[in-house]
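So the mapping is simple: our numbering equals the position in the sequence shown, first residue as 1, plus 16.
We put the CB at the ideal spot given by N, CA and C, even for glycine.
Bear in mind that the values here come from a model prediction, so they are computed numbers and not experimental data.
See structure below.
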Amino acid sequence: MAVVGTWNLENLYRPGGEYGPRDPAAYEAKLKALSATITRISPDVLGVEEVGDPAALDDLVALLDGEWHVALSRHPDPRGIRVGFVSRFPLQVLHDLAAFSHPLAPVQADDTGATTFQTSRGVLAVRVEPRQGTALDVVVCHLKSKLLSFPGRRFQPRDEQERARFGAYALYRRSAEAVTVRTLADRLLDRQGGTRNVIVLGDLNDEPEAATTQILLGPPGSEIGTVGERRPDKGDATRLWNLAPLIPEDERHSRVYHGRGELIDHILVSRAVLDRVESVRSVVDHGLPSVGDEPAARRDAADSDHAPIVATLSI
Numbered sequence: 017m018a019v020v021g022t023w024n025l026e027n028l029y030r031p032g033g034e035y036g037p038r039d040p041a042a043y044e045a046k047l048k049a050l051s052a053t054i055t056r057i058s059p060d061v062l063g064v065e066e067v068g069d070p071a072a073l074d075d076l077v078a079l080l081d082g083e084w085h086v087a088l089s090r091h092p093d094p095r096g097i098r099v100g101f102v103s104r105f106p107l108q109v110l111h112d113l114a115a116f117s118h119p120l121a122p123v124q125a126d127d128t129g130a131t132t133f134q135t136s137r138g139v140l141a142v143r144v145e146p147r148q149g150t151a152l153d154v155v156v157c158h159l160k161s162k163l164l165s166f167p168g169r170r171f172q173p174r175d176e177q178e179r180a181r182f183g184a185y186a187l188y189r190r191s192a193e194a195v196t197v198r199t200l201a202d203r204l205l206d207r208q209g210g211t212r213n214v215i216v217l218g219d220l221n222d223e224p225e226a227a228t229t230q231i232l233l234g235p236p237g238s239e240i241g242t243v244g245e246r247r248p249d250k251g252d253a254t255r256l257w258n259l260a261p262l263i264p265e266d267e268r269h270s271r272v273y274h275g276r277g278e279l280i281d282h283i284l285v286s287r288a289v290l291d292r293v294e295s296v297r298s299v300v301d302h303g304l305p306s307v308g309d310e311p312a313a314r315r316d317a318a319d320s321d322h323a324p325i326v327a328t329l330s331i
């Protein structure tokens, strides 16, 4: 068995900086809460998002029992947050990319007409061997947030026209990022999804039915819960299955936004992995805070505002 998961650690920084906890006590409380959850879910491979300070991740891993391996993307966002992995198995980095996949053009980023041709955070792919001779290729990503920021470091728009425009800019970028991740998945699958163990996971910043999330699936018509789910077809060579429908209904959210639960953290798998899924859950048993549109409001909060999503595989 192998337990594979994804968790947005919410602004993991050492204290004293612009974005992290203001004092060591708040930092220690956060590390204690995060390490307790990781110990409880006991993952073998965990994709992590919002690692703002690599040294802070080292501090967290030091609190875990046993030997752990760490890999981090070399492509953080302007605040320094990036994706990575912590794993009980050695990690072989396959890809660490930030440029949109060819032939996507740069997308508009703001009202000045500035454009970007890069993902918000790097996209990292690694290979692990849960047992000798069995390779598992795992991609972690953190797509552009729906929580909007505006010129002058504002988190509230001047008017609804500005909100609409910046919502569109964020959507342009998240869509291009989804295409880029999908292109990487195609490379790893190499049209052999029935035999290649490929997993794409992370904070997709949108729910299962969102257009950007759907881009990652590949050929339609065989989603979990449909008549085509267990009926092999030629699309299985390149298809990914979102495991969201396998999460118990009362757990089917990973964040609470303005009082409403939403599932924005996901695990998608190839056909070879789908046939080995034993269970999937969102670890919400310790409760989640309701968050708003001001990220700095939680800089001293213990724990994370996201729940880990974990899948148990018979690999």
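query                                                                                                                                                                          : result
Quick check: Leu217 and Gly63, are their CB atoms within less than 9 Å of each other?                                                                                          : yes
Smallest Cα separation from Ser330: which of Val67, Arg147, Tyr35?                                                                                                             : Arg147
Using 10 angstroms around the beta-carbon of Phe105, count the other beta-carbons present and answer buried if the total reaches 16, otherwise exposed.                        : buried
Going along the chain, which unbroken runs of the beta strand (DSSP E) with 3 or more residues stay wholly within the segment 111 to 175?                                      : 134 to 147, 150 to 158
With DSSP collapsed to three states, give me the class of Gln208.                                                                                                              : coil
Within a Cβ cutoff of 8 Å, which residues of the same chain sit near Ser58, ignoring the five residues on either side of it in sequence?                                       : Val19
May I ask you to report which of helix, strand or coil DSSP gives Leu251?                                                                                                      : Just to set this straight, residue 251 is Gly in the shown sequence, not Leu. If DSSP states are grouped into helix, strand and coil, Gly251 belongs with the helices.
My output table needs one value for Ile325: the three-state DSSP class, helix, strand or coil.                                                                                 : strand
State the DSSP-derived secondary structure class of Thr242, mapped to helix, strand or coil.                                                                                   : coil
Between which two residues does the beta strand (DSSP E) containing Arg271 stretch?                                                                                            : 271 to 273
Just how far apart, CA to CA, sit Ala130 and Ala141?                                                                                                                           : 29 Å
Can you give me the start and stop residues for the beta strand (DSSP E) that Ile215 sits inside?                                                                              : 214 to 219
Count the other C-beta atoms from every protein chain shown that fall within 10 angstroms of the C-beta of Thr254, then say buried if there are 16 or more, exposed otherwise. : buried
Which ranges would you report for the beta strand (DSSP E) in the segment 252 to 322 if only whole runs of at least 3 residues count?                                          : 271 to 273, 276 to 278, 281 to 285, 293 to 298
State the DSSP-derived secondary structure class of Ala41, mapped to helix, strand or coil.                                                                                    : helix
Tell me Ala87's beta-bridge partners as DSSP assigns them.                                                                                                                     : Phe101
Ignoring anything shorter than 3 residues, give me the beta strand (DSSP E) runs that lie fully in the segment 46 to 81, in order along the chain.                             : 61 to 67
Measuring straight from C-alpha to C-alpha, what distance separates Arg179 and Asp74?                                                                                          : 38 Å
From Pro305 to Ala115, what does the alpha carbon distance come to, in whole angstroms?                                                                                        : 34 Å
Rounded to whole angstroms, what's the CA-CA distance from His111 to Arg297? Just pull it up for me.                                                                           : 28 Å
Near Leu80, what residues of its chain come up, given a Cβ to Cβ distance below 7 Å and the 5 sequence neighbours on each side ignored?                                        : Ser51, Ile54, Thr55
Do you know whose CA, among Glu278, Arg246, Gly234, lies nearest Thr196's CA?                                                                                                  : Gly234
Quick one, which of Pro261, Asp126, Ile283 has its alpha-carbon nearest Leu164's?                                                                                              : Asp126
Whole angstroms is fine: what's the gap from Pro70's alpha carbon to Glu239's?                                                                                                 : 37 Å
Less than 9 Å between the beta carbons of Ala318 and Ala42, yes or no?                                                                                                         : yes
Kindly indicate the opening and closing residues of the alpha helix (DSSP H) around Ala226.                                                                                    : Looking at the DSSP string, Ala226 is not in any alpha helix (DSSP H), and its letter there is neither H nor E.
Identify which residue in Asp175, Gly36, Ala184, Arg181 has its Cα closest to the Cα of Arg315.                                                                                : Gly36
Please tell me whether Val156 and Thr22 are closer than 9 Å, where the distance is taken between their beta carbons.                                                           : yes
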